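Student: The structure is given below, and queries will be raised subsequently.
Protein chains: 2
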Amino acid sequence: MNSKVVTIQDVAIVAGVSTATVSRALSKPEKVNKATREKVMAAVRVTGYRINQTARNLRKKEAGAVVALVPNLGNPFFSSILSGIESVLAKEGLSLLVVDILQTSFEREQAYDYLSMNQADGLLVLDGTLDLTNLNDGSVSSELPPVVYCCEWGTDPRFGSVRVDNHQGSQLAVSHLHTLGHKAIGLVRGPAENRLTAARQEGFEAAILKHSLPLRTEWLIDGGFSLEAGVQAAHQWCALEERPTAIFCMSDEVAFGFISELDRLGFSVPKDVSVVGFDDIAIAERFIPSLTTIRQPRFRIGQEAAGKLLRRIAGEVENRAESEATAHRTVLPVELIERQSTAPVSEKQRAL
Amino acid sequence: MNSKVVTIQDVAIVAGVSTATVSRALSKPEKVNKATREKVMAAVRVTGYRINQTARNLRKKEAGAVVALVPNLGNPFFSSILSGIESVLAKEGLSLLVVDILQTSFEREQAYDYLSMNQADGLLVLDGTLDLTNLNDGSVSSELPPVVYCCEWGTDPRFGSVRVDNHQGSQLAVSHLHTLGHKAIGLVRGPAENRLTAARQEGFEAAILKHSLPLRTEWLIDGGFSLEAGVQAAHQWCALEERPTAIFCMSDEVAFGFISELDRLGFSVPKDVSVVGFDDIAIAERFIPSLTTIRQPRFRIGQEAAGKLLRRIAGEVENRAESEATAHRTVLPVELIERQSTAPVSEKQRAL
DNA sequence: CATATACATGTAATCGATTGCAGTCAAAAT
DNA sequence: ATTTTGACTGCAATCGATTACATGTATATG
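For the protein sequence lines, the chains are S and D, in the order given. If you're matching positions, the first sequence starts at 386 in the working numbering and goes up one per residue. If you're matching positions, the second sequence starts at 386 in the working numbering and goes up one per residue.
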C-alpha cells in the first residue's frame with residue numbers, strides 16, 4: 386500500500402481529524418473523545434502507522450535513552466548489572482545505550498556529550514575512575530545533570546550512587562576466616578587507583594584489627610579484578626616466607642586466577658590456603674572448589690540505579706528526611722556465601 | 386553565560402553567517418571557505434555549541450544507532466561479542482542500543498519497531514529463535530531492512546549473518562577425542578529449539594560416523610547452554626548403564642556445570658571422563674581442570690557483524706562474485722584449544 | 001434566556017539541523 | 001570587454017510530532 390513512510394498526517398487524513406487530535410489520541414487518550422479515539426486507532430491500524438521517535442524526541446526535548454558507561458563490556462561482572470538496568474528501563478520505554486569505555490578510547494569529555502547532544506536523558510556510570518567533576522563546568526553549569534554511579538561513586542556527593550557496603554563485605558570475609566581459625570590472612574587488592582579497592586581494603590584492615598589479627602604489609606598483595614591478576618598474586622603468595630593461611634580476593638575473577646595458578650604450582654585450596662572472593666558471579670558456585678564469596682546483588686544494583694536515575698530525570702528530588710549526602714547514596718547489603726574454598730585452618734598450615 | 390541551549394542559530398549569529406554555512410562548516414568542511422570555517426569554529430568554541438543529534442537525525446532520517454537483540458544479557462558469552470560490536474560502531478560514531486529479550490518480555494513484533502520508529506538504523510540479532518520473517522510484511526515490504534544475525538542465522542537467506550563453522554567445531558572436538566582413543570563419545574546438546582544445537586549435533590554425528598564410532602541415542606543428552614543444564618546432564622551421564630568415556634558439551638557453561646556436578650558425585654575429569662566445551666570463554670583457561678574447548682572468536686564475530694550491518698545500512702550490496710546466498714553469510718573458523726579436561730582413554734575406563 | 005464552564009478539536013508555531021535552489025562575486029576564458 | 005565557470009553563501013522549506021492557544025459546542029447555573 387504505502388511505499389512511503391506513514392506519518393501522523395496520513396493517519397489524520399484517514400481518520401478525518403487533525404494531526405493534533407491524532408497525537409493526543411495516542412499520547413493522552415483521556416483528552417480525546419472515545420468515538421474519535423477509536424476512529425484514530427482504526428486509522429492507525431489501517432495505515433500501519435508507527436510513531437517516529439526522533440521527531441517526538443526533538444519536540445519534547447527528550448532522548449528516550451540512557452547511557453551506561455561500562456569500563457569493560459567483556460567483563461561478565463557487568464552483564465547482570467546491565468540486565469537489571471535494562472529491566473527497569475524497558476518498563477519505562479527507555480532504551481539503553483551501552484558504551485564500552487575501553488573500546489571507545491573514551492575521553493572524559495565525551496561523558497556528557499551524550500547529554501548535551503540530546504542523545505541521552507541520563508548517565509549511568511559503572512566506573513568510578515571516570516571523574517565527572519567537569520560535568521559542572523559546561524553550559525549546564527547551574528543544574529546537576531542526571532547521573533548515577535553504579536557499584537561506584539564519584540567525588541561530587543550530589544551525584545547519585547548505588548553500591549554495596551564494601552566495608553561490610555570485607556568484614557564478613559575476615560570474620561568468616563577468623564571463625565575458621567585463620568590468623569594469617571592476606572589480601573589480594575583490586576586495581577590501585579580504584580575506589581572499591583580502597584574501601585574494601587579499609588574494611589579489611591578494620592576487621593583484622595577488630596579481631597586482633599596480625600596485619601602484615603607483605604600480606605597485602607597488589608592485584609586487580611582480572612584472572613590474570615589472580616595468577617600473578619598466586620606467585621606472590623608462593624614467594625612469601627610466611628604464607629597467610631587464608632586470602633581474601635577483591636573479586637571472584639582474581640580468586641579464580643589465584644586458585645587456578647596455585648593448583649598449577651602444586652597447592653590446593655582450601656587445604657593449603659582458604660580463599661574468599663567478592664561478587665558471587667554465576668560460576669562461583671560451580672568452580673572447583675566452589676568459591677566462598679561475598680555476594681553483590683548485581684541485578685538489583687542495576688535496577689536500583691536505573692530507578693534512581695529515572696527519578697532524577699523526572700526531576701524528583703530525593704529528599705527523604707535523610708541528610709543531603711545520604712539521600713543521594715543507596716547502599717545495599719552484601720551477603721557471605723559459604724562454599725568449599727574455605728576450610729578450618731589445619732595443623733599442617735599452622736606449622737608453616 | 387548561556388542559560389539556554391546553544392543552537393546552530395546562536396553560532397551563526399556570533400560568526401556572522403547563516404545557519405546553512407554553520408551546518409556545512411561542521412559536516413562538510415571542504416565546501417566552505419577556510420576563513421569562514423575558522424570564524425564558525427571560533428564561534429562554536431565561544432558559544433560552547435554542541436550539535437543536537439535528535440534534530441540532525443530527524444532531518445537526515447537516520448537514527449545514529451544500532452540495536453542489538455540479546456537473548457540474555459546476563460550470559461557472559463555475549464559480552465565479548467557486544468564489545469566487538471561496540472568497537473566498530475564507536476568508530477563510526479554510532480551508538481549501540483542493547484535490548485535484553487529476556488528482561489523485556491520481548492514480542493517478536495517489537496523487533497522492527499526500532500527500525501520503523503526510527504530508533505535504529507539496523508538490527509543485530511544474537512538469537513536465532515527470534516524469527517524475523519514478518520519483517521517482510523510491514524510497510525517496508527519491498528526493501529530488506531538492515532539486519533544481521535550474530536552467531537546465529539534465520540530462515541530468510543537474505544538476512545546477513547556472521548557465525549562460526551559449527552559443523553567444523555563439532556568435528557574438531559570429536560577428532561580430538563578420537564585421537565585420544567575415545568570410542569564412546571557422548572553429547573550434551575544445547576536448547577532443543579536452537580539452530581546452533583542442530584548444527585552442532587549434525588557435525589557431531591557426521592564426525593562420529595566418519596571415525597566409525599558408535600552413535601548411541603542414549604549418549605545424546607538433552608541440555609542447554611547453562612550451568613544448570615550441565616548439572617542435570619551430569620546426573621544423566623551418571624545414570625547411564627554404559628557411560629561414554631568422553632563428552633562433548635555444546636557450550637563451556639554446560640561443561641562447567643557438568644564437570645562440577647560430576648566432581649560432587651565423586652567422578653573426576655579427565656580421569657573418569659574427558660570433556661570438551663564450546664566457546665572458550667575467559668574462565669575456561671582457569672577452570673580446574675582447564676577446559677579443552679572449541680574457540681569462537683567472539684570479539685571478532687561482533688566486529689564482523691557490525692561491519693556487515695554498517696555496509697548494509699550504507700546500502701552497499703554485498704555482491705562479491707560469490708553466490709547470492711553465501712554473500713550474505715560470513716562463516717568464521719573455529720579452533721580447538723587443548724587443555725586439561727581431556728586425556729587419553731585409560732584402561733580403567735575401557736573396562737567399564 | 002443569558003452567561004459560565006467544561007470538553008473536544010483544529011490551527012499553526014515550534015523543536016534544531018540539513019539541503020535544494022538561487023544568488024553573488026571574482027577569476028578565468030574568449 | 002563580455003561571458004563562462006566555479007566557489008561560496010544565504011534563503012527558506014523540510015523532517016514528523018507536540019502543544020499553546022483559539023474556536024466551537026454542549027451542559028450547567030443564575
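All C-beta atoms, glycine included, are put in the ideal place defined by N, C-alpha and C. Source: prediction; values computed, not measured.
1. Please tell me whether Glu471 of chain S has its Cβ less than 8 Å away from any Cβ of chain D.
2. Please say whether Ile632 of chain S and Phe643 of chain S have beta carbons closer to each other than 8 Å?
3. Can you give the Cα-Cα distance for Ile673 of chain D and Ala691 of chain S, rounded to whole angstroms?
4. Give the DSSP-derived three-state secondary structure of Tyr534 of chain S in the structure shown.
5. Under the rule that 16 or more other beta-carbon atoms within 10 Å means buried, what is Leu650 of chain D, buried or exposed?
6. Rounded to whole angstroms, what's the CA-CA distance from Glu638 of chain D to Asp665 of chain D? Just pull it up for me.
7. According to DSSP, is Gly692 of chain D part of a helix, a strand, or is it coil?
8. Can you list, in chain order, the residues of its chain whose CB lies under 6 Å from that of Leu546 of chain S, leaving out five sequence neighbours each side?
9. Compute the Euclidean distance between the alpha carbons of Thr432 of chain D and Ser403 of chain D, then round it to the nearest angstrom.
10. Between the segment 596-615 of chain D and the segment 560-575 of chain D, are three or more C-beta pairs nearer than 8 Å?
11. Given a threshold of 16 other Cβ atoms within 10 Å of its Cβ, counted over all protein chains shown, does Ser472 of chain D qualify as buried or as exposed?
12. Check the Cβ of Ala691 of chain D against every Cβ in chain S and list those closer than 9 Å, keeping chain order.
13. At the level of alpha carbons, what is the spacing between Ala728 of chain S and Leu721 of chain S?
14. Between Ser501 of chain S and chain D, is the shortest Cβ-Cβ distance under 8 Å, so that the two count as touching?
15. Since Phe663 of chain D meets chain S, which of its residues come closer than 9 Å, beta carbon to beta carbon?
16. Determine whether the Cβ of Asn579 of chain D lies closer than 8 Å to any Cβ atom of chain S.
17. Pull the bridge partners of Glu720 of chain S from the DSSP assignment, please.
18. For Gly662 of chain D, list the residues DSSP reports as bridge partners.
19. What would DSSP say about Arg543 of chain S, mapped onto helix, strand or coil?
20. With 16 as the cutoff for other CB atoms within 10 Å, does Gln734 of chain D come out buried or exposed?
21. Do the CB positions of Asp506 of chain S and Glu447 of chain S come within less than 8 Å of each other?
22. Under the DSSP definition of a beta bridge, which residues are partnered with Asp485 of chain D?
23. Go ahead and label Ser555 of chain S buried or exposed: buried means 16 or more other beta carbons lie within 10 angstroms of its beta carbon, across all protein chains shown.
24. Are the C-beta atoms of Asp550 of chain S and some chain D residue less than 8 Å apart?
25. The alpha helix (DSSP H) spanning Val399 of chain S covers which residue range?
26. What residues of chain D sit near Thr437 of chain S, judged by a beta carbon separation below 7 Å?
27. Scan the segment 668-700 of chain D for residues whose Cβ lies nearer than 9 Å to a Cβ of chain S and list them as they occur along the chain.
28. Are the C-beta atoms of Phe652 of chain S and some chain D residue less than 8 Å apart?
29. Classify Asp522 of chain S as buried or exposed, calling it buried when 16 or more other Cβ atoms lie within 10 Å of its own Cβ.
30. Any C-beta of chain S sitting closer than 8 Å to the C-beta of Asp657 of chain D?
31. So is Pro461 of chain D in contact with chain S if we call contact Cβ pairs under 8 Å?
32. Under the three-state reduction of DSSP, which class applies to Ser480 of chain S: helix, strand or coil?
33. As a quick exercise: from D:Leu482, D:Ala591, D:Ser465, D:Glu590, pick the residue whose alpha carbon is nearest that of Cys536 of chain D.
34. Between the segment 627-643 of chain S and chain D, which residues of the former have CB atoms less than 7 Å from a CB of the latter, in chain order?
35. Say whether chain S places a C-beta atom closer than 8 Å to the C-beta of Thr489 of chain D.
36. For Val549 of chain S, which option in S:Pro682, S:Val391, S:Leu694, S:Ala583 has the closest C-alpha, if you only look at C-alpha atoms?
Tutor: Checking against the coordinates, here is how it stands:
1. Walking along the first sequence from the start, residue 471 of chain S turns up at place 86. Yes - at least one Cβ of chain D is within 8 Å of the one on Glu471 of chain S.
2. Your numbering for residue 643 of chain S matches position 258 in the first sequence. Your numbering for residue 632 of chain S matches position 247 in the first sequence. Yes, they are a contact pair.
3. On the second sequence, position 288 is the one that residue 673 of chain D refers to. On the first sequence, position 306 is the one that residue 691 of chain S refers to. If you take the alpha carbons of Ile673 of chain D and Ala691 of chain S, they lie about 37 Å apart.
4. Along the first sequence, read from residue 1 onward, the residue named residue 534 of chain S stands at position 149. It is a strand residue.
5. Counting from one through the second sequence, the residue named residue 650 of chain D turns up at place 265. It counts as exposed.
6. Translated into positions along the second sequence, residue 638 of chain D becomes position 253. Translated into positions along the second sequence, residue 665 of chain D becomes position 280. Each residue's Cα considered, the two are about 10 Å apart.
7. In the second sequence, residue 692 of chain D corresponds to position 307, counting from 1. Here Gly692 of chain D sits in helix by DSSP.
8. For the purposes of this step, residue 546 of chain S is identified with residue 161 of the first sequence, where counting begins at 1. In the sequence under discussion, the amino acid at residue 546 of chain S is Ser, which differs from the Leu named in the question. Here the set comprises Tyr534, Trp538, Arg714.
9. By one-based count along the second sequence, residue 432 of chain D stands at place 47. By one-based count along the second sequence, residue 403 of chain D stands at place 18. One C-alpha to the other measures close to 16 Å.
10. yes
11. As a position in the second sequence, residue 472 of chain D is number 87, starting the count at 1. Under this definition Ser472 of chain D is a buried residue.
12. As a working mapping, residue 691 of chain D is identified with position 306 in the second sequence. Here the premise fails: no neighbours, minimum Cβ distance about 11 Å.
13. In the first sequence, residue 728 of chain S corresponds to position 343, counting from 1. In the first sequence, residue 721 of chain S corresponds to position 336, counting from 1. Distance between the alpha carbons of Ala728 of chain S and Leu721 of chain S: 14 Å.
14. Locating residue 501 of chain S in the first sequence gives position 116, counting from the first residue. Closer than 8 Å: yes.
15. If you number the second sequence from 1, residue 663 of chain D lands on position 278. Going along chain S, no residue has its Cβ under 9 Å from Phe663 of chain D, so there is no contact; the nearest lies around 16 Å.
16. On the second sequence, position 194 is the one that residue 579 of chain D refers to. False, the Cβ-Cβ gap to chain S never drops below 8 Å.
17. The sequence position of residue 720 of chain S within the first sequence is 335, counting from 1. Looking at the DSSP assignment, Glu720 of chain S forms a beta bridge with S:Arg680.
18. Within the second sequence, numbered from 1, the residue matching residue 662 of chain D stands at position 277. In the DSSP output, where bridge partners are listed per residue, Gly662 of chain D has D:Thr678.
19. Walking along the first sequence from the start, residue 543 of chain S turns up at place 158. Arg543 of chain S: coil per DSSP, three-state reduction.
20. Within the second sequence, the letter at position 349 stands for residue 734 of chain D. Buried, since its Cβ has 16 or more Cβ neighbours within 10 Å.
21. Numbered from 1 along the first sequence, position 121 holds the residue referred to as residue 506 of chain S. Numbered from 1 along the first sequence, position 62 holds the residue referred to as residue 447 of chain S. Yes, Cβ-Cβ distance for Asp506 of chain S and Glu447 of chain S is below 8 Å.
22. Walking along the second sequence from the start, residue 485 of chain D turns up at place 100. Bridge partners of Asp485 of chain D: D:Val455.
23. In the first sequence, counting from the first residue as 1, residue 555 of chain S sits at position 170. When all chains shown are included, Ser555 of chain S counts as buried.
24. Residue mapping note: residue 550 of chain S aligns to position 165 of the first sequence, counting from 1. With 8 Å as the cut-off, Asp550 of chain S does not count as an interface residue toward chain D.
25. Working through the first sequence from its first residue, we reach residue 399 of chain S at position 14. Per DSSP, Val399 of chain S belongs to the alpha helix (DSSP H) from 393-400.
26. Position 52 of the first sequence holds residue 437 of chain S. Contrary to the premise, residue 437 of chain S reads as Asn rather than Thr in this sequence. Per Cβ cutoff of 7 Å: Met502, Asn503.
27. Answer in chain order: Ile668, Glu670, Arg671, Phe672, Ile673, Pro674, Ser675, Arg683, Phe684.
28. Counted from its first residue, the first sequence places residue 652 of chain S at position 267. Not one chain D Cβ lies under 8 Å of Phe652 of chain S.
29. Translated into the one-based positions of the first sequence, residue 522 of chain S becomes position 137. Annotation note: pLDDT 47 at Asp522 of chain S (below 50); position unreliable, coordinate value reported separately. Burial call: exposed.
30. Taking the first residue of the second sequence as position 1, residue 657 of chain D is located at position 272. No, Asp657 of chain D does not count as interfacial toward chain S.
31. By 1-based counting over the second sequence, the position of residue 461 of chain D is 76. Closer than 8 Å to some Cβ of chain S, the Cβ of Pro461 of chain D qualifies, so yes.
32. Locating residue 480 of chain S in the first sequence gives position 95, where the first residue counts as 1. Correct three-state label for Ser480 of chain S: strand.
33. One-based indexing of the second sequence puts residue 536 of chain D at position 151. Of the listed residues, the one whose Cα sits closest to Cys536 of chain D is D:Ser465.
34. Hits within the stretch, in order: Phe641, Gly642.
35. By one-based count along the second sequence, residue 489 of chain D stands at place 104. Yes, contact with chain S.
36. Reading the first sequence from its first residue, position 164 is the one you call residue 549 of chain S. For Val549 of chain S, the nearest C-alpha among the options comes from S:Pro682.
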